[in-house]
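To keep things clear, I will list the structure first and then write my remarks on it.
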Amino acid sequence: MHISKVDLNLFTVLDAIYTEGSITRASLKMNLTQPAISHALNRLRQLFDDPLFERQGHTMTPTPLARSIIEPVRRALRGFEVTLSGAARFEAASSERSFSLAVRDVLEASVLPPLMANIAHSAPSTTLNTLQVSRRELESELAAGTLDAAIDILLPLSNDIRRAQLAGDQTVVLVRRGHPLIKRRKLTLETYLELEHIQTSSRRRGPGLEDVELSRHGLQRRIRLRCQHYFAACRVVSQTDLALTMPDRLARIVNQQFDNQILPLPLEMPSLDVYLYWHANVDNDPANSWLRAQIAAAMN
Numbered sequence: 001m002h003i004s005k006v007d008l009n010l011f012t013v014l015d016a017i018y019t020e021g022s023i024t025r026a027s028l029k030m031n032l033t034q035p036a037i038s039h040a041l042n043r044l045r046q047l048f049d050d051p052l053f054e055r056q057g058h059t060m061t062p063t064p065l066a067r068s069i070i071e072p073v074r075r076a077l078r079g080f081e082v083t084l085s086g087a088a089r090f091e092a093a094s095s096e097r098s099f100s101l102a103v104r105d106v107l108e109a110s111v112l113p114p115l116m117a118n119i120a121h122s123a124p125s126t127t128l129n130t131l132q133v134s135r136r137e138l139e140s141e142l143a144a145g146t147l148d149a150a151i152d153i154l155l156p157l158s159n160d161i162r163r164a165q166l167a168g169d170q171t172v173v174l175v176r177r178g179h180p181l182i183k184r185r186k187l188t189l190e191t192y193l194e195l196e197h198i199q200t201s202s203r204r205r206g207p208g209l210e211d212v213e214l215s216r217h218g219l220q221r222r223i224r225l226r227c228q229h230y231f232a233a234c235r236v237v238s239q240t241d242l243a244l245t246m247p248d249r250l251a252r253i254v255n256q257q258f259d260n261q262i263l264p265l266p267l268e269m270p271s272l273d274v275y276l277y278w279h280a281n282v283d284n285d286p287a288n289s290w291l292r293a294q295i296a297a298a299m300n
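Residue numbers for the sequence shown follow full-length UniProt numbering, beginning at 1 and rising by one.
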């Protein structure tokens with residue numbers, strides 16, 4: 001069937017139902033009536049000769065065919081959006097655009113203050129939404145345009161995803177002031193291994209980067225506490241003799257109210273590099289290019 005005989009608006013309905021898992025929520029998202037959404041779905045079913053979605057309780061579950069076509073459909077829709085936005089110049093000073101950025105919670109505290117300062121100055125009417133997205137879903141979200149960009153560590157993504165390295169970071173160790181094992185603000189590897197440590201991770205198990213590096217030298221530290229957030233860990237450090245190993249940039253932000261000592265890690269560690277990711281289909285999108293420039297400036 002030639003594309004001229006197909007109503008392309010049907011594919012925005014397909015994407016909405018797939019995303020929302022419900023005709024009711026899809027109708028609210030698209031500001032259409034439920035009968036209009038149902039009518040569009042029926043036309044799609046005729047077009048593909050497939051039910052596309054099957055009701056299971058209150059959820060519209062996609063069929064195998066719907067799962068196989070959703071990513072090409074989303075890429076095509078995103079291409080149309082980029083073409084339309086590229087046809088008009090992006091004027092940051094007057095834009096009311098809303099951007100979505102995927103960023104791990106570990107990076108939020110260091111990225112957002114300078115980024116929002118830049119955005120507030122040059123684009124006062126734009127808004128920014130930061131999200132934590134599963135790394136398995138990152139590529140599809142960028143392709144669909146539900147994410148404009150992402151900041152993360154080096155990831156194995158396809159050639160459709162562009163990346164640029166941002167400023168790196170070093171690893172430091174936090175201990176409380178007056179710690180009995182720390183003399184003259186100097187931390188040796190021997191003392192580091194003698195300390196008891198906090199490991200901060202959202203994962204239930206598994207070593208940290210510093211543990212991997214220690215194991216390469218046949219060394220191991222003692223983990224006394226495993227917790228989820230650096231803020232909590234910094235507070236524990238201030239009230240105990242436990243030590244915390246973490247990124248330097250974040251340490252200087254989170255530690256301000258606790259005044260723990262920040263010491264160099266007495267172990268050679270690779271720089272903690274982070275990357276900016278975006279989809280190839282927005283390479284030349286003026287708005288996305290502007291956002292990437294703001295992020296790069298904030299991370300310098």
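Glycine included, C-beta positions come from ideal geometry on N, C-alpha and C.
When you compare only the Cα positions, how much space is there between residue i and residue j?
{"i": "L263", "j": "L181", "result": "13 Å"}
{"i": "K183", "j": "D241", "result": "14 Å"}
{"i": "L187", "j": "P266", "result": "7 Å"}
{"i": "R78", "j": "L174", "result": "45 Å"}
{"i": "V212", "j": "F258", "result": "28 Å"}
{"i": "R293", "j": "R43", "result": "One point to set straight first is that residue 293 is Ala, not Arg, in the sequence displayed. Rounded to the nearest angstrom, the two C-alpha atoms are 42 Å apart."}
{"i": "S140", "j": "R185", "result": "47 Å"}
{"i": "L10", "j": "T24", "result": "16 Å"}
{"i": "C227", "j": "D152", "result": "21 Å"}
{"i": "A233", "j": "A117", "result": "28 Å"}
{"i": "A298", "j": "R135", "result": "23 Å"}
{"i": "E96", "j": "L65", "result": "37 Å"}
{"i": "G19", "j": "T191", "result": "A small correction: the amino acid at residue 19 is Thr; Gly does not occupy that position in the sequence shown. In a straight line, the C-alpha of T19 is about 52 Å away from that of T191."}
{"i": "L214", "j": "T200", "result": "17 Å"}
{"i": "K29", "j": "G206", "result": "40 Å"}
{"i": "L209", "j": "I37", "result": "49 Å"}
{"i": "D283", "j": "D248", "result": "32 Å"}
{"i": "A123", "j": "A296", "result": "16 Å"}
{"i": "Y230", "j": "P35", "result": "49 Å"}
{"i": "E81", "j": "S27", "result": "20 Å"}
{"i": "S289", "j": "L107", "result": "21 Å"}
{"i": "R204", "j": "H121", "result": "41 Å"}
{"i": "A92", "j": "P286", "result": "10 Å"}
{"i": "S22", "j": "A109", "result": "35 Å"}
{"i": "S271", "j": "V172", "result": "11 Å"}
Any idea if residue i is buried or exposed, counting beta-carbon neighbours within 10 angstroms, 16 or more meaning buried?
{"i": "T53", "result": "First, the residue type needs correcting, since residue 53 is Phe and not Thr in the sequence shown. Per the 10 Å Cβ criterion, buried."}
{"i": "L155", "result": "exposed"}
{"i": "D273", "result": "exposed"}
{"i": "H58", "result": "exposed"}
{"i": "P62", "result": "buried"}
{"i": "N281", "result": "buried"}
{"i": "Q56", "result": "exposed"}
{"i": "V6", "result": "exposed"}
{"i": "A143", "result": "buried"}
{"i": "L8", "result": "exposed"}
{"i": "T126", "result": "buried"}
{"i": "I239", "result": "First, the residue type needs correcting, since residue 239 is Gln and not Ile in the sequence shown. Label assigned to Q239: exposed."}
{"i": "T33", "result": "exposed"}
{"i": "L291", "result": "buried"}
{"i": "L189", "result": "exposed"}
{"i": "L219", "result": "exposed"}
{"i": "S98", "result": "exposed"}
{"i": "H217", "result": "exposed"}
{"i": "D160", "result": "exposed"}
{"i": "G145", "result": "buried"}
{"i": "R89", "result": "exposed"}
{"i": "R177", "result": "exposed"}
{"i": "N260", "result": "buried"}
For the alpha helix (DSSP H) containing residue i, name the first residue and the last one.
{"i": "T200", "result": "It is not in any alpha helix (DSSP H) - T200 instead sits in the beta strand (DSSP E) that spans E196 to T200."}
{"i": "S38", "result": "Q34 to F48"}
{"i": "M299", "result": "P286 to M299"}
{"i": "I182", "result": "Element bounds for I182: n/a, residue is neither H nor E."}
{"i": "A102", "result": "No alpha helix (DSSP H) contains A102, which is instead part of the beta strand (DSSP E) from S98 to V103."}
{"i": "Q239", "result": "Y230 to Q239"}
{"i": "L209", "result": "L209 to R216"}
{"i": "E20", "result": "N9 to E20"}
{"i": "R204", "result": "Unbroken run through R204: none, as it is neither H nor E."}
{"i": "A26", "result": "I23 to M30"}
Does the beta-carbon of residue i, which I'm using as the reference point, lie nearer than 6 Å to any heavy atom of the ligand FAD?
{"i": "M269", "result": "Absence of the ligand FAD from the depicted structure is noted, as is the absence of any ligand whatsoever, leaving it without description."}
For the beta strand (DSSP E) containing residue i, name the first residue and the last one.
{"i": "I223", "result": "R222 to C227"}
{"i": "I54", "result": "It is worth fixing the name first, because residue 54 is Glu in this sequence and not Ile. Segment F53 to Q56, the beta strand (DSSP E) holding E54."}
{"i": "M246", "result": "A243 to P247"}
{"i": "M60", "result": "T59 to P62"}
{"i": "L276", "result": "Y275 to H279"}
{"i": "L263", "result": "Q261 to P264"}
At the 7 Å Cβ level, is residue i part of the contact set with chain B, yes or no?
{"i": "A26", "result": "The question asks about chain B, but that chain is absent: this structure has only one protein chain."}
* To do: Decide if the stretch 217-233 is in contact with the stretch 154-169; the criterion is three or more beta carbon pairs, one per stretch, under 8 Å apart.
  => no
* Three or more C-beta pairs closer than 8 Å, one from the stretch 251-258 and one from the stretch 34-53: is that the case here? -> no
* To do: List in chain order: all unbroken alpha helix (DSSP H) runs of 4+ residues lying wholly within the stretch 112-179.
  => 138-144
* **Segment contact flag, the stretch 93-103 with the stretch 120-133, C-beta cutoff 8 Å, min 3 pairs** => yes
* Any chance the stretch 7-21 sits against the stretch 66-75, with 3 or more Cβ pairs inside 8 Å? -> yes
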